[in-house]
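Colleague: My questions all concern the structure below.
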Amino acid sequence: MSFGITELVIILVIVLLLFGTTKLKSLGNDLGSAIKGFRTAVSDEKTAGTVG
């Protein structure tokens, strides 16, 4: 079962109506910061693991 373009557009419109654009922008910023922090932590662990 896969989603087509029309289904994805409908889901996007529903999400926009439920949360609003400002809430989604804030959520996107928070998610981006979390991913950046995770990547930094993983690279720090790799660096620490190869040194010691």
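Heads up: take any position in the sequence shown, counting from 1, add 307, and you land on the numbering used here. Glycine residues also receive a C-beta, built at the ideal position from the N, C-alpha and C atoms. Computed from a prediction, not measured in an experiment: that's the story for all the values here.
For the alpha helix (DSSP H) containing Phe326, list its first residue and its last residue.
Modeller: 312-326
Colleague: Rounding to the nearest angstrom, what Cα-Cα distance links Phe251 and Ala355 in this structure?
Modeller: As shown, the chain starts at 308 and ends at 359. That puts residue 251 outside it, with no answer to give.
Colleague: Given this structure, state the Cα-to-Cα distance separating Val349 from Ile342, to the nearest angstrom.
Modeller: 11 Å
Colleague: Return the Cβ separation of Leu331 and Leu338 in integer angstroms, given the expectation that the two are a contact with Cβ distance under 8 Å.
Modeller: Actually they do not touch by this definition, with Cβ atoms about 10 Å apart.
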